[in-house]
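Scroll down for the structure; my scribbles are underneath it.
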Amino acid sequence: MEPAEREQLERKTTEAEFVAKLLGLLITQKSCLNAWRELLDECVGFTHSSFGILGIINEDGSFDISAVSGADWQSLNVPREQLWQSLTGFTLQGIWAEVIRSNQIIVKNENPGLPWPPELFPRASFTMHSFLGLPFSDTAERAYGMLALANKPGGFSPQDSQVISRVAQALMLMMLRRKTELDLRRTNQALERSNRDLDDFTHSVSHDLKEPLRGINAFSKFLREDYGERLDEKGRHYLTTIENATLRMKRLIDDLLELSRVRRRPNPWQPVLARELIDEVVQTLEFSVKEKKAEIAVADSLPVIACDRARYRQVFYNLIVNALKYSGDKQPRIEIGCEDAAGEYVFFVRDNGIGIPREYFEKIFLIFQRLSRDDADGGTGAGLTIVKTIVEMHGGRIWVESELGKGSTFYFTYPQSHKEKFTCPVERCQEA
Ligand code: ADP
């Protein structure tokens, strides 16, 4: 092989390695910002430049520099934090603006000029003597951002611009990913904020509603005590209706408050033996269990989970109470267990009660949704909403399977990956 051919082959191999490395970065880096920074370092290293930036255009046309690389940054003589402040919301000018405007790769090895006003970094000893700028754009051909390299000894070659332009596609993909990441983060933050606002609103309205209710309650009591004798049967019936409605209203408000408390005040998580939690609940319900002659079978082997203990206890409590409550005329037989599915535990609470019609399988988890209009059992229809909220706060899902007249099974999941975060205490708990 001729030396020239060998040289060309070697160059092509280095280029291919470089592009492969960038693609590897694109695929493997979890954070787009990190990938960008590494990608820029690679480009600076590959071209032997001593200055590099990578940034995106904001909606208002200003420019944010997301990554800097190369030794020449030190010659700006600005502390790092201050540097970042100066480099966001930046008005593009000079050769940087030219790259974005032309949406073309630009190479200038003589006097590219400073791309920022000299007063921005007054103590800088920086000069730019060679420049390569690569815009990256979407399919609409609009430049979204730019990779700019500078100060390569001897200037940038056509090969440099050829190889670097191959990076454009990868950059564009990363940029879209970054944009999606940011959009998603913003949406999530907005959602969290509005949920918090809603919870605060529910909390304060519920408290406000309680006050007049206390008044109605007190005056109905006075009416019964002081004038009860003088009321005829119809009057007494009206009074009883007011008292019952007030009591029901109080229960609804209490449940609303409870739901907002669950969402507003999560407790720290701790490792918990599921079996212990269930035994505790069953013990609390001893009276109803005896009264209904209920049989409760709890599986022997149940996992240890890391959870908000008091809340998770509420999940089992509400489901077992329902299984007892909606047993119809039968002697309740309740089975509690857990299956080990792919990556999650699937807990279940099964009963042989009245069952639920299919069209209510989802509705029953909505607040104040009940199948029966009978208020005698004291239910408001908030119990399952609270259960669902707690299960979801622990990263799980809940659903019901049921056959009318035969019984229902409530399933809820718990992601096993949570446990990994609590390995030590969980192990200690298992030993105990
Ligand atoms: P509540 O029990 O206070 O009415 P829930 O939110 O706990 O409220 O339950 C909502 C509705 O779902 C109940 O009113 C009932 O109609 C139905 N339900 C819940 N659990 C069961 C069950 N185990 N068997 C049959 N129906 C049930």
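Mapping of the sequence shown onto the numbering used here: position 197 corresponds to residue 201, and the numbering continues sequentially without gaps.
Backbone N, C-alpha and C fix where the C-beta goes; we use that ideal spot for every residue, glycine too.
Please read all numbers here as calculations on a predicted model, not as lab measurements.
Burial state of residue i, where buried means 16 or more other Cβ atoms lie within 10 Å
| i | result |
| --- | --- |
| Y330 | buried |
| Q89 | exposed |
| G56 | buried |
| R354 | buried |
| E4 | Lying outside 5 to 436, the shown extent of the chain, residue 4 is not represented and no answer is given. |
| D259 | buried |
| D312 | buried |
| S316 | The residue asked about is misnamed: residue 316 is Tyr in this sequence, not Ser. Buried. |
| S421 | exposed |
| H398 | buried |
| G158 | exposed |
| A298 | buried |
| E6 | exposed |
| V430 | Caution applies to V430, whose pLDDT of 37 falls short of 50 and renders its modelled position unreliable; the value that the coordinates give is listed next. Burial call: buried. |
| S406 | buried |
| G400 | buried |
| T245 | exposed |
| S134 | buried |
| E85 | exposed |
| E42 | buried |
| Y415 | buried |
| T417 | buried |
| L439 | Because the chain is modelled from 5 through 436, residue 439 falls outside the range shown and cannot be assessed. |
| T389 | buried |
| Q318 | buried |
| S412 | buried |
| L13 | exposed |
| L44 | buried |
| P83 | exposed |
6 Å CB neighbourhood of residue i in its chain, flanking five on each side removed
| i | result |
| --- | --- |
| R105 | none |
| A75 | S54 |
| T51 | L153, K156, D164 |
| L256 | T384 |
| W392 | Strictly speaking, residue 392 in this sequence is Lys, with Trp absent from that position. These residues qualify, in order along the chain: F369, I402. |
| K410 | G359 |
From the options, residue whose alpha carbon lies closest to that of residue i
| i | options | result |
| --- | --- | --- |
| R200 | L263, E247, R181, K214 | L263 |
| L306 | V285, R317, Y349, A298 | Y349 |
| F351 | L256, F320, L153 | F320 |
| G137 | I358, A249, M150 | M150 |
| E295 | P336, R267, A314 | P336 |
| Q274 | A314, T288, I340 | A314 |
| L177 | L37, Y418, I371 | L37 |
| I340 | F291, V395, R279 | R279 |
| N322 | T288, P272, G400, G387 | G387 |
| R146 | I220, Q108, G117, G411 | Q108 |
| V171 | K225, Y418, E21 | E21 |
| I394 | K410, G409, R265 | R265 |
| N271 | L289, A310, E46 | A310 |
| K254 | H211, R181, E185 | H211 |
| E46 | D236, A24, D64 | A24 |
| E114 | T131, V209, T17 | T131 |
| S208 | Q166, L261, E196 | L261 |
Neighbourhood of residue i by C-beta, 8 Å cutoff - its chain only, sequence neighbours within 5 removed
| i | result |
| --- | --- |
| V286 | V293, I300, V302, I324 |
| N62 | D68, G93 |
| G347 | P419, Q420, S421 |
| V48 | S54, F55, G56, S73, G74, L153 |
| L124 | S90 |
| V276 | V308, I309, A310, C311, R313, Y316, C433 |
| R267 | N199, D203, T393, M397 |
One or two residues paired with residue i in a DSSP bridge
| i | result |
| --- | --- |
| A147 | S141 |
| P419 | E348 |
| S406 | S412 |
| A154 | F55, F135 |
| C1 | Beyond the ends of the chain as shown, which are 5 and 436, falls residue 1; an answer cannot be given. |
| F94 | F67 |
| L277 | V308 |
| R337 | E299 |
| V111 | L136 |
| I60 | D68, G149 |
| S73 | G56 |
Residues of its chain near residue i, where Cβ-Cβ distance is below 7 Å and the 5 sequence neighbours each way are ignored
| i | result |
| --- | --- |
| R127 | N81 |
| I60 | D68, S70, Y148, G149, M179 |
| A327 | P336, I338, V353, D355, G357 |
| V96 | Going by the sequence as given, residue 96 is Leu instead of Val. Around L96: F67, I104. |
| N221 | T250 |
Any non-hydrogen atom of the ligand FMN within 6 Å of residue i CB
| i | result |
| --- | --- |
| S264 | Because the ligand FMN does not appear in the structure shown, any question about it cannot be addressed here, the ligands present being the ligand ADP. |
Whether or not the region 245-253 and the region 184-196 are in contact is what I'm after, with contact meaning three or more pairs of Cβ atoms, one per stretch, closer than 8 Å; do they touch? At 8 Å Cβ cutoff, the stretches do not touch.
Can at least three beta-carbon pairs, one atom from the region 362-375 and one from the region 278-285, be found at a separation below 8 Å? No: the two stretches stay apart, fewer than three of their Cβ pairs being nearer than 8 Å.
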